[in-house]
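To get the numbering used here, take the position in the sequence shown, counting from 1, and add 1487. No residue lacks a Cβ here, since even glycine has one placed at the ideal position from N, Cα and C.
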Amino acid sequence: MRRFVEGIGGFCIDRRLYFAVFFLAAAIMYGSYVFFRIHPIGDSSVLVLDLNGQYVYYYEHYREAFWGRESWIYNWSRNLSGEMFGIFAYYLASPFMIIIALLPRHMMLTAILIMQLAKVGSSAVTCCFFLKKTAKHPPKAVSLVLFPLMYALMAFMVVQLMDPMWLDGLIYLPLICWGVRRLVYEGRLLPYIIPLALMFIAHFYIGYMVGIFTFFYFCYVCLSDPERALPKKFILRCLAFGAGTVVALMCSAWVLIPVYNSLKLGKFEFTDPDFSLATQFDFLTFITKLFPMTYDTVYPEGMPMIYCGTAVLLLVPLYFMNEKINVKEKTADAVLTVILTVLMYIKPWDMAMHGFQVPNWLPFRYSFIFSFMLVCMAFKAFENLEGVTAKNIGGVFFGLMVFLFWCERENYSHFKLFVTRKNANGDSYNIIQGIWVSMIALTVYFVLLYLIRKYPRSRGVAFSLTLVLTAELFAVNIDTIKKIDIDVSYSKYSSYEPYMSDLRKAVDTIEEYDPEPFYRMEATFHRTVNDAIGTGYKSLSHSSSTMNAPALLMLHRLGFAYGGHYTKYDGATPMTDAIFDIKYIMDKKGNDMYVSSRYKVPPEYQIKTEISIDHEKVVDGEKKIVPTTFKFYKNPNTLGLGVAAKGDISEVELGDDDPFENQNILFNALAGKEYNFFKPVDIINSDNENVRTINTTDGHIKYYPMDENNKECHVDYVVRMDKDSDLYMYLPTKYERSCNIWYQPEDDYVDDAYNMEYVGQFFVGDNYSIMKIGRFLKNQEIRVRITIANDENEAYWRDKLFYSFDYDGFAKAVEEMQDSVFEVTEFADTELTGKVNAEKDGQLLFTTIPYENGWTIEVNGKPTKPQKAVDDSLIAIPLEKGENTVKMKFSPNYWRLSLVISIFGVILLAVVALADIKNGKYLRKLFEHSAKKEPEEEPLPEPKYSGALVPEPMMIEIADNDNPPAPKTENTVDKTAQMGYDNSIVKNSDEGDGNDG
């Protein structure tokens, strides 16, 4: 035990510098969060934008899957259901996810914080490793602290903490570059293949960008050799580079091939990119983003996040002035940096870097590579400060100060002297901003660089540099977090917990109450549309960047809220509840957080069970127990996971404009009869105030105010009910502009008396769906008012649709269809079994399972090929006459193929490892053991002694300094430095820092 402890202690001491940069980088980031009062210090949280709306819910699912309670492959909580390969590869494949799995579920936000800090620290470590190994001489210890901190806390890192999976790119990038160098200079493949494969696995999207840069970096390393135009064995190195890349791709095929098939379901067509030549910024504005406190926005119009420390602004110009650095190396660095800049500058090339798509948010997602290049050049300049003069340093400083004065004159919105904010009491106060901070930081670094150049071994100057950089990064991080909060808003910790814990308890309650193998459930409240996947109930609400586009579009055409990559249970009707097997509706009382104002549980749905959870809250300064009650209402009209369609379901096509008619068409195809449960309601009158209209060329009518100064601008429709019924409304459009909807019985309406009932918002995102106005009596006249409520002061719609619904007739029709319902008898996430009756051979079983490749289906033990139904979005299965036993299993061929390819990739990687380690010593031994033994030769006869006298041997003493090594001339090149690693690599171990300066 003692020897083990001593071994661990020795290991830590030898690598103390790596531990130092890890914990220092993580501490600076955590300190910035503490200043922002992140939980447990306060009620703020790390949740913002995608991390708040998507990632955290997938992390909840990941944790359940890790412990065997959910599936890695298929999930029933996303847009009816769908494969999980895309979500895993896009959000969950990082090895750092183990932190999420191991901590308790109620500590989810703390686990995310720890994972973020671990990634910040790890990127500092890998950068430190890269800089140490690529230094031509043993670097200063302070250099191996300063520059990894700049890299780990660059603007890209701090901003993209909202997308934690992207940050693996910052961790693996230095290791991949180090592997490229060893490949070029030594011919070793293993150090290149392993980090590249891990990058592709951790995040295929960022891996794609890093892979493109890796090709450029390979060319850079080949062309930057100061002694040769091209490295030795250049053709072999090129072939090895290609072969190593292929092996890395093969090793990661188990992620890449499934995610490619996932993206084919809709992500590739998510946008319609315009590849016409255009530029994206001007270069002077681009340069301002190198300075501190220059966060602008994460919206699509945002600039690249490229700040990585104010000292870099001084050191990069000094790098190109440095006489000790080879001109060829400086030229290669300049060319590679220019290439990265041009990729960001020219729009089609930038789109190519983003997978030939326009980023929806968070543009320039590879800008961290540009910052990496700047940090590397700054490091080399700092290590060779004796190659520049004091005048060089002063000249660069003066030029940067002049540029700052010019920026102040330009009055950039993101780069100012001061910014005015208000405190909680509403009082204004000023905070210094980027220009002032840059001037102060540049002055301090100018003095410290001059001193470190003059006194290179001064520990006081080295400590001062570290202290100043720590203070700068801390201040810039705080400023960045505050601006992100203003831009897109961090969520409160209390908005997530105890909400998620309570919701999970509620889901457990209904599962205990109703243990049937399969049914779906929805809720009248949503924190986000991903509540279901985070808590495990089967739903049609979901959002992700990997979506099944036909299924989402089908739901949109039936009237549900839709946003391209998500759908939400808003716009539901009793008919859609029946078709999609929404057996229970969950409602919440007491704590009305996130409860929808647009959807109310139909009175025909009866409450079946409930659970009440108490929480202590401060109300009017006093602590009180506030109960939250979850109530579950059962839908009496459900058609299960599927139904044997009595009509021709394969020919159903839905239109874009009328969701009520679409629902009629779909239901009639299932029932085999012509019903019209949704009927149009007559518009008997219309009116408007301060509204002008104009017809557009694509069939829309534009509504806008005649008088811009008059805030009141509305359109009224008066409808007469044809029966006792709910009144539904839908306004089809391609141009969503927010409007408010009001209603009032016409008998109660008095002109200019504003006592109408507010229904909710219509158009834009979640609010563009079927709207239920209310329940009214036959022949009752209802006035519905649409007020324009958006900054553009306009609205568009192609038609105005008002419908009533025959609930009693619908309920009777559903009852008649119960003998054709698909009854699920056995259910698991990736396979299910059920029984259904068919009236004839070839009758189709309509299911609400989205169509995608990978389902294996058997009907009565016979393999059956599934068909597409309802706009090619859902699975339909041919049946035989009589009772049918249907078995379905999701096991895609591409998944099995990807595993086979990855296994072969790992085998090739093992061969490469045997060839690399000890220069192929183990590989040679392997072949020697397998080769047949050669027959032993007969020994030669022993020579006879002639009898001559043999002189005795003499001992000769040789002094150590008799044969001194030849001194290096000026033209002698240290090849180990040229290779980009120090002499300790020969021992294949890291012997520690070797420098206290």
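Worksheet item: Do the segment 1889–1905 and the segment 1765–1775 meet, that is, are 3 or more Cβ pairs less than 8 Å apart?
Response: yes
Practice prompt. Express the C-alpha separation of residue 2299 and residue 2124 in angstroms, rounding to a whole number.
Written response: As a first step, residue 2124 is located in the sequence shown; it is residue number 637 there, counting from the start. As a first step, residue 2299 is located in the sequence shown; it is residue number 812 there, counting from the start. Approximately 9 Å, taken between the alpha carbons.
Item to complete: Would you mind reading off the limits of the alpha helix (DSSP H) that contains residue 1884?
Response: Along the sequence shown, read from residue 1 onward, the residue named residue 1884 stands at position 397. Element bounds for residue 1884: 1877–1897.
Item to complete: Answer yes if the segment 2045–2064 comes into contact with the segment 2136–2147, meaning at least three C-beta pairs across the two stretches below 8 Å, and no otherwise.
Response: Yes: the two stretches touch, three or more of their Cβ pairs being nearer than 8 Å.
Worksheet item: Helix or strand or just coil, what does DSSP make of residue 1573?
Response: In the sequence shown, residue 1573 corresponds to position 86, counting from 1. For residue 1573, the secondary structure class from DSSP, reduced to helix, strand or coil, is helix.
Worksheet entry | Cβ-based neighbour list, residue 1834, same chain, cut-off 6 Å, excluding 5 preceding and 5 following | As a position in the sequence shown, residue 1834 is number 347, starting the count at 1. Within the same chain, 1765, 1767 come within 6 Å of residue 1834 by CB-CB distance, once the 5 residues on both sides are set aside.
Worksheet item: Can you check whether the CB of residue 1605 is closer than 9 Å to the CB of residue 1507?
Response: Within the sequence shown, numbered from 1, the residue matching residue 1507 stands at position 20. Within the sequence shown, numbered from 1, the residue matching residue 1605 stands at position 118. Contact flag unset, no.
Worksheet item: In whole angstroms, what separates the C-alpha of residue 2382 from that of residue 2190?
Response: The residue you call residue 2382 lines up with position 895 of the sequence shown. The residue you call residue 2190 lines up with position 703 of the sequence shown. Distance between the alpha carbons of residue 2382 and residue 2190 is about 52 Å.
Discussion item. Could you tell me the alpha carbon to alpha carbon distance between residue 1752 and residue 1536, rounded to whole angstroms?
Written reply: Looking up residue 1752 in the sequence shown gives position 265. Looking up residue 1536 in the sequence shown gives position 49. C-alpha separation (whole angstroms): 24 Å.
Item to complete: Return the chain-ordered list of same chain residues with a C-beta closer than 8 Å to the C-beta of residue 1956, the five sequence neighbours on each side being excluded.
Response: To locate residue 1956, count along the sequence shown from 1; it is residue 469. The residues are 1633, 1636, 1637, 1796, 1798.
Fill in: Top-ranked residue by Cα proximity to residue 1688, from 1577, 2119, 1622, 1703
The residue given as residue 1688 occupies position 201 in the sequence shown. Of the candidates 1577, 2119, 1622, 1703, the one whose C-alpha sits nearest the C-alpha of residue 1688 is 1577.
Worksheet item: What residue does the beta strand (DSSP E) around residue 2232 start on, and which one ends it?
Response: Sequence index remark: in the sequence shown, residue 2232 carries index 745 (1-based). Run containing residue 2232: 2226–2232, per the beta strand (DSSP E) assignment.
Worksheet item: From residue 2008 to residue 2375, what does the alpha carbon distance come to, in whole angstroms?
Response: Here residue 2008 corresponds to residue number 521 of the sequence shown, with the count starting at 1. Here residue 2375 corresponds to residue number 888 of the sequence shown, with the count starting at 1. Rounded to the nearest angstrom, the two C-alpha atoms are 22 Å apart.
Discussion item. Taking the alpha-carbon of residue 2294 as reference, which of 2163, 2188, 2170 has the nearest alpha-carbon?
Written reply: Working through the sequence shown from its first residue, we reach residue 2294 at position 807. Among 2163, 2188, 2170, the Cα nearest to that of residue 2294 belongs to 2163.
Worksheet entry | Element boundaries [beta strand (DSSP E), containing residue 2258] | Looking up residue 2258 in the sequence shown gives position 771. Counted as a single uninterrupted DSSP element, the beta strand (DSSP E) harbouring residue 2258 occupies residues 2258–2263.
Discussion item. For a test of the three-state rule: what should DSSP assign to residue 2251, helix, strand or coil?
Written reply: If you number the sequence shown from 1, residue 2251 lands on position 764. Three-state DSSP puts residue 2251 in coil, outside helix and strand.
Worksheet item: With a CB to CB cut of under 6 Å and the five nearest residues on each side skipped, what residues in its chain are close to residue 1430?
Response: Absent from the structure is residue 1430, since the part of the chain shown begins at 1488 and ends at 2484.
Discussion item. Give me, in chain order, the residues of the same chain whose beta-carbon lies closer than 7 Å to that of residue 1937; leave out the 5 immediate sequence neighbours on both sides.
Written reply: The residue labelled residue 1937 in the question sits at position 450 within the sequence shown. Excluding residues within five positions, the ones whose Cβ falls inside 7 Å are 1877, 1880.
Worksheet item: Hey, how far is the Cα of residue 1974 from the Cα of residue 1933?
Response: Walking along the sequence shown from the start, residue 1974 turns up at place 487. Walking along the sequence shown from the start, residue 1933 turns up at place 446. Here the C-alpha atom of residue 1974 lies approximately 34 Å from the C-alpha atom of residue 1933.
Worksheet item: Around the Cβ of residue 1653, are there at least 16 other Cβ atoms within 10 angstroms (buried) or fewer (exposed)?
Response: If you number the sequence shown from 1, residue 1653 lands on position 166. Buried, since its Cβ has 16 or more Cβ neighbours within 10 Å.
Worksheet item: For residue 1823 versus residue 1703, is the C-beta distance shorter than 9 Å?
Response: As a position in the sequence shown, residue 1823 is number 336, starting the count at 1. As a position in the sequence shown, residue 1703 is number 216, starting the count at 1. Cβ distance < 9 Å, so residue 1823 and residue 1703 count as in contact.
Item to complete: Determine contact between the segment 1639–1654 and the segment 1959–1973, defined as no fewer than three beta-carbon pairs at a distance below 8 Å.
Response: Using a C-beta cut-off of 8 Å, the segment 1639–1654 makes contact with the segment 1959–1973, since at least three inter-stretch Cβ pairs fall below that distance.
Discussion item. Quick check on residue 2264: buried or exposed, where buried means 16 or more other Cβ atoms within 10 Å of its Cβ?
Written reply: If you number the sequence shown from 1, residue 2264 lands on position 777. Residue 2264 comes out exposed.
Discussion item. How far does the alpha helix (DSSP H) with residue 1901 in it extend, from its first residue to its last?
Written reply: For the purposes of this step, residue 1901 is taken as residue 414 along the sequence shown, with counting starting at 1. From DSSP, residue 1901 is part of no alpha helix (DSSP H); its letter is neither H nor E.
Practice prompt. Return helix, strand or coil for residue 1954, following the three-state DSSP convention.
Written response: Within the sequence shown, residue 1954 is the residue found at index 467, counting from 1. Helix, per DSSP.
Worksheet item: Which of the three DSSP states, helix, strand or coil, is assigned to residue 2288?
Response: In the sequence shown, residue 2288 corresponds to position 801, counting from 1. Strand at residue 2288.
Worksheet item: Hey, would you say residue 2121 sits closer than 9 Å to residue 2095, going by beta carbons?
Response: In the sequence shown, counting from the first residue as 1, residue 2121 sits at position 634. In the sequence shown, counting from the first residue as 1, residue 2095 sits at position 608. The answer is yes: Cβ separation under 9 Å.
Practice prompt. Give the straight-line distance between the Cα atoms of residue 2286 and residue 1590, rounded to the nearest whole angstrom.
Written response: As a working mapping, residue 2286 is identified with position 799 in the sequence shown. As a working mapping, residue 1590 is identified with position 103 in the sequence shown. Near 53 Å, if we compare the C-alpha coordinates of residue 1590 and residue 2286.
Worksheet item: Can you name the start and end residues of the alpha helix (DSSP H) that residue 2150 belongs to?
Response: For the purposes of this step, residue 2150 is taken as residue 663 along the sequence shown, with counting starting at 1. 2146–2158 is the span of the alpha helix (DSSP H), which, as asked, contains residue 2150.
Item to complete: Consider the Cβ of residue 2015: report whether some Cβ of chain D lies at a distance smaller than 9 Å.
Response: Checking the listed chains, one finds no chain D in this structure; it contains a single protein chain.
Worksheet item: Which first and last residues belong to the alpha helix (DSSP H) in which residue 2398 is found?
Response: Translated into positions along the sequence shown, residue 2398 becomes position 911. Counting along the chain, the alpha helix (DSSP H) containing residue 2398 begins and ends at 2380–2403.
Discussion item. I'd like the list of long-range same chain contacts for residue 2104, defined as Cβ closer than 7 Å, with 5 residues on each side in sequence excluded.
Written reply: On the sequence shown, position 617 is the one that residue 2104 refers to. Same-chain partners within the cutoff: 2111, 2113.
Worksheet item: Which whole-angstrom value is the C-beta distance of residue 1574 and residue 1546, which I expect to be below 8 Å?
Response: For the purposes of this step, residue 1574 is taken as the residue at position 87 of the sequence shown. For the purposes of this step, residue 1546 is taken as the residue at position 59 of the sequence shown. Contact doesn't hold; Cβ gap of about 11 Å is too wide.
Worksheet item: Quick one: what does DSSP say residue 2272 is sitting in, helix, strand or coil?
Response: Locating residue 2272 in the sequence shown gives position 785, where the first residue counts as 1. Correct three-state label for residue 2272: strand.
Discussion item. Tell me which residues share the same chain as residue 2193 and place their Cβ nearer than 6 Å to its Cβ, disregarding the 5 neighbours each side in the sequence.
Written reply: Residue mapping note: residue 2193 aligns to position 706 of the sequence shown, counting from 1. The residues are 2177, 2179.
Item to complete: Compute the beta-carbon to beta-carbon distance between residue 2495 and residue 2005, rounded to the nearest angstrom, for a pair I have assumed lies under 8 Å.
Response: Residue 2495 falls outside the range modelled here, since the chain spans only 1488 to 2484, and no answer is possible.
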